[in-house]
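Chemist:
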Amino acid sequence: MSTTTTPSRIKVITGNAAAAIAAKLARPDVVAAYPITPQTEVIEQISTFHASGEMDCELITVEGENSAMNAVMAASLAGGRVFTASSSWGLVFMYDAVLAVAGARAPVVMVNVNRETPGIIAVSSGQQDMISTRDAGWIFLIAEDCQEVLDLVLQAYRLAEDYDIQLPVMVHYDGFFLSYLSEGVDIPEQETVDRFLSVLKDQPRRTVLTPGRKLGVGSHGILGGYMELRHKHVTAMERSKAKFEEIDKEFAGIFGRTYGGQVEEYRCDDADIVLLGSGSMCGTIKSVIDDQREKGVRIGLVKMRMYRPFPHQALVAALKGKKAVGVVDRSLAFGFDGGPIYTELKAFETRLEGAQLVSFIDGIANTDITKTNVEKMIQMTRDLADGKNVPEVTWVSYPEANTKGEK
Amino acid sequence: MSSNHYFKHEGPWSDAGDPLMCTDTGDWRTKRPVVDKEKCIFCGFCAIYCPIQVMEMQSDTHFEANLDFCKGCGICAKECPKGAITMISEGEFAS
Chain A
-11 MSTTTTPSRI KVITGNAAAA IAAKLARPDV VAAYPITPQT EVIEQISTFH
39 ASGEMDCELI TVEGENSAMN AVMAASLAGG RVFTASSSWG LVFMYDAVLA
89 VAGARAPVVM VNVNRETPGI IAVSSGQQDM ISTRDAGWIF LIAEDCQEVL
139 DLVLQAYRLA EDYDIQLPVM VHYDGFFLSY LSEGVDIPEQ ETVDRFLSVL
189 KDQPRRTVLT PGRKLGVGSH GILGGYMELR HKHVTAMERS KAKFEEIDKE
239 FAGIFGRTYG GQVEEYRCDD ADIVLLGSGS MCGTIKSVID DQREKGVRIG
289 LVKMRMYRPF PHQALVAALK GKKAVGVVDR SLAFGFDGGP IYTELKAFET
339 RLEGAQLVSF IDGIANTDIT KTNVEKMIQM TRDLADGKNV PEVTWVSYPE
389 ANTKGEK
Chain B
16 MSSNHYFKHE GPWSDAGDPL MCTDTGDWRT KRPVVDKEKC IFCGFCAIYC
66 PIQVMEMQSD THFEANLDFC KGCGICAKEC PKGAITMISE GEFAS
């Protein structure tokens, strides 16, 4: 990341504050949300902006997440720019509406502050809520730090509301690790954000509910009609990959920061082995890579910034020809041994030109993905590259899972 | 049935003026109401009772079901005071 070239100010703020400020800068017409740990601060901040007159939007303080998502869906279908935020149980409570928003192709933008999911009362970080919602038909983006939270929310509006895309976008960031982490964030000027988003105004207008016009949405669609809509949906998701890359480049031109689009490659060019990660763990991984590079280990990181659609072309381009790839998952794929991202990448193994894959599960329920843990993962990935026998799946912080015995 | 041209929009938007899209409920029918024109007294009970309003007047003499949408529920046959409507298995009409 280079420093910004346009007017801005750097403030030390949390990831949640970064999300709220980004929402404010995008000038939404309607915000509806319900508080939940670790997202609450996002809504507190927006309420403060709204109360002070800094934010000119309709703020609906709904009685639950299901109403929040339904309210922003309706507002979006009526042509409004909308924002909401949730996490874990809240995301589950709005799940039917999450699906309906995608089916309606409503360009809703929300942040989901990643947290473990219901079943076990875990008020702690983990990407399980993201994984549990992965097939909802939304575009999923993942932020690594507080600055990227702000930047991704702005990029999300460009992506969601683009005439060629028209899909809801969920920006994910790790609860606790990012939601409450304070760090320096470069906050752009309102005029700069307005300029960045103004491109949308020049596009054809999407279909919206209009008073007096007889128009229905989501009222039809069986057999052929259903297939037509779903095919349009998956096609739009595929288009969103290239669109996201374009938006990232344009963002770089205006704000002076670039992340590389669907995936960020860190010291990958001459790397023999690579870790694939996402979210806040990537900061730790990068620092370990820097240490190991000094010792001559040729290792890099591929950071997944877009999780839905699954950026397999970008991943294959970044990973092919490497000797071994360690995939770090902060969640589980129930019914599979390996983590969810590992399992999905496995589907493209034959295109990786011999790169071997190994799964690491770590960071569940607020477990720290420490530098020691990352070193352990790197060592095992190196062993795999050297032809040694390495287990396919390792729970890094729970050695009991790795002992031989009944699987 | 499958077609790529039901929707003019990117999303699932339907204009109220459009022909009823995709809901070709006639596909669901296993029995078809057949009206005996001689017995029909043109009272219109079948049309009144039909839950989806597909019994259509035929030149002021009798009623017939619009088979594109008739689901074959048989209410018309049950309600007809003259027993003029018989439900006949669709298999009888298969070519």
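Protein chains in written order, with this note's numbering: chain A, -11 to 395; chain B, 16 to 110.
For each residue, glycine too, the CB sits at the ideal point set by N, CA and C.
Among A:VAL19, A:ILE273, A:SER74, which one has its Cα closest to the Cα of GLU253 (chain A)?
Modeler: Answer by Cα proximity: A:ILE273.
Chemist: Could you give the distance in angstroms between the alpha-carbon of GLY314 (chain A) and the alpha-carbon of PRO192 (chain A)?
Modeler: Cα to Cα, GLY314 (chain A) sits roughly 44 angstroms from PRO192 (chain A).
Chemist: Measuring CB to CB, does VAL159 (chain A) end up less than 7 angstroms from LEU129 (chain A)?
Modeler: A contact, by the Cβ cut-off of 7 angstroms.
Chemist: Does the segment 228 to 240 of chain A come close enough to the segment 277 to 288 of chain A that 3 or more CB-CB pairs lie under 8 angstroms?
Modeler: No, the segment 277 to 288 of chain A is not in contact with the segment 228 to 240 of chain A.
Chemist: According to DSSP, which residues form a beta bridge with ILE127 (chain A)?
Modeler: Beta-bridge pairing links ILE127 (chain A) to A:VAL157.
Chemist: What number of angstroms, rounded off, separates the C-alpha of VAL222 (chain A) from the C-alpha of GLY206 (chain A)?
Modeler: VAL222 (chain A) and GLY206 (chain A): Cα-Cα distance of roughly 17 angstroms.
Chemist: Going by other Cβ atoms of all chains shown within 10 Å of its Cβ, with 16 needed for buried, is HIS239 (chain A) buried or exposed?
Modeler: What sits at residue 239 (chain A) in the sequence shown is Phe, not His. PHE239 (chain A) should be labelled buried.
Chemist: Nearest to ILE261 (chain A) by CA position, among A:ILE242, A:GLY248, A:ARG286, A:THR246, is which residue?
Modeler: Nearest option by C-alpha distance: A:ARG286.
Chemist: Please classify ASP117 (chain A): is it buried, with 16 or more other beta-carbons within 10 angstroms of its beta-carbon, or exposed?
Modeler: Burial call: buried.
Chemist: Taking only runs that begin and end inside the segment 27 to 87 of chain B, name each unbroken alpha helix (DSSP H) of 4 or more residues, in chain order.
Modeler: You should have 60 to 64.
Chemist: Mind pulling the chain A residues with CB within less than 7 angstroms of HIS24 (chain B)?
Modeler: Those are THR195, listed as they occur along chain A.
Chemist: At least one CB of chain A closer than 7 angstroms to the CB of PRO96 (chain B): is that the case?
Modeler: Cβ-Cβ to chain A under 7 angstroms: no for PRO96 (chain B).
Chemist: In the DSSP assignment, what residue or residues form a beta bridge with THR105 (chain A)?
Modeler: DSSP lists no partner for THR105 (chain A).
Chemist: Taking the CB atoms as reference points, tell me whether GLY163 (chain A) and VAL101 (chain A) lie closer together than 7 angstroms.
Modeler: In this structure, VAL101 (chain A) lies closer than 7 angstroms to GLY163 (chain A) by Cβ.
Chemist: Residues in the same chain with beta-carbon distance under 7 angstroms from ARG339 (chain A), minus the five sequence neighbours each way, listed in chain order, please.
Modeler: Excluding residues within five positions, the ones whose Cβ falls inside 7 angstroms are VAL304, LYS308.
Chemist: Could you work out which residue in A:ASN354, A:TYR295, A:ASP356, A:GLY342 is closest to ILE329 (chain A) when comparing CA atoms only?
Modeler: Among A:ASN354, A:TYR295, A:ASP356, A:GLY342, the Cα nearest to that of ILE329 (chain A) is on A:TYR295.
Chemist: For SER18 (chain B) and THR49 (chain A), what's the separation of their Cα atoms in angstroms?
Modeler: Confidence is the limiting factor: at SER18 (chain B) the pLDDT is only 45, short of 50, which leaves the residue's position unreliable, though a coordinate-based value still follows. Their backbone Cα atoms lie some 43 angstroms apart in a straight line.
Chemist: Relative to the C-alpha of TYR64 (chain B), which candidate in B:GLY89, B:SER29, B:TRP28, B:LYS97 has its C-alpha closest?
Modeler: Comparing Cα-Cα distances from TYR64 (chain B) to each of B:GLY89, B:SER29, B:TRP28, B:LYS97, the minimum goes to B:GLY89.
Chemist: Under 7 angstroms, Cβ to Cβ, is there at least one residue of chain B near SER64 (chain A)?
Modeler: No - not a single Cβ of chain B is within 7 angstroms of the one on SER64 (chain A).
Chemist: I need the DSSP call for GLU398 (chain A), collapsed to helix, strand or coil.
Modeler: Within the shown structure, residues of chain A are numbered from -11 to 395, placing residue 398 (chain A) beyond reach of any answer.
Chemist: Looking at ALA21 (chain A) and VAL196 (chain A), is the spacing between their C-beta atoms short of 7 angstroms?
Modeler: No.
Chemist: Can you give the Cα-Cα distance for GLN154 (chain A) and VAL384 (chain A), rounded to whole angstroms?
Modeler: Going from the Cα of GLN154 (chain A) to the Cα of VAL384 (chain A) covers about 40 angstroms.
Chemist: Would you decide whether ARG(-3) (chain A) is buried or exposed? Buried here means 16 or more other CB atoms lie within 10 Å of its CB.
Modeler: Exposed, because fewer than 16 other Cβ atoms sit within 10 Å of the Cβ of ARG(-3) (chain A).
Chemist: From the DSSP output, read off the bridge partner residues of ALA20 (chain A).
Modeler: Bridge partners of ALA20 (chain A): A:ILE48.
Chemist: Taking only beta carbons into account, state which residues of the segment 84 to 97 of chain A come closer than 9 angstroms to chain B, listed in chain order.
Modeler: Taking 9 angstroms as the Cβ-Cβ cut-off against chain B, the residues of the segment 84 to 97 of chain A that qualify are GLY91, ALA92, ARG93, ALA94.
Chemist: Here's a check: name, in chain order, each residue in its chain whose Cβ is nearer than 6 angstroms to the Cβ of PHE348 (chain A), leaving out the five neighbours to either side.
Modeler: Excluding residues within five positions, the ones whose Cβ falls inside 6 angstroms are GLY314, VAL316, MET365, THR382, VAL384.
Chemist: Quick check for students: name the residue ranges of the alpha helix (DSSP H) that lie wholly in the segment 303 to 364 of chain A, counting only runs of 4 or more.
Modeler: Correct list: 328 to 334.
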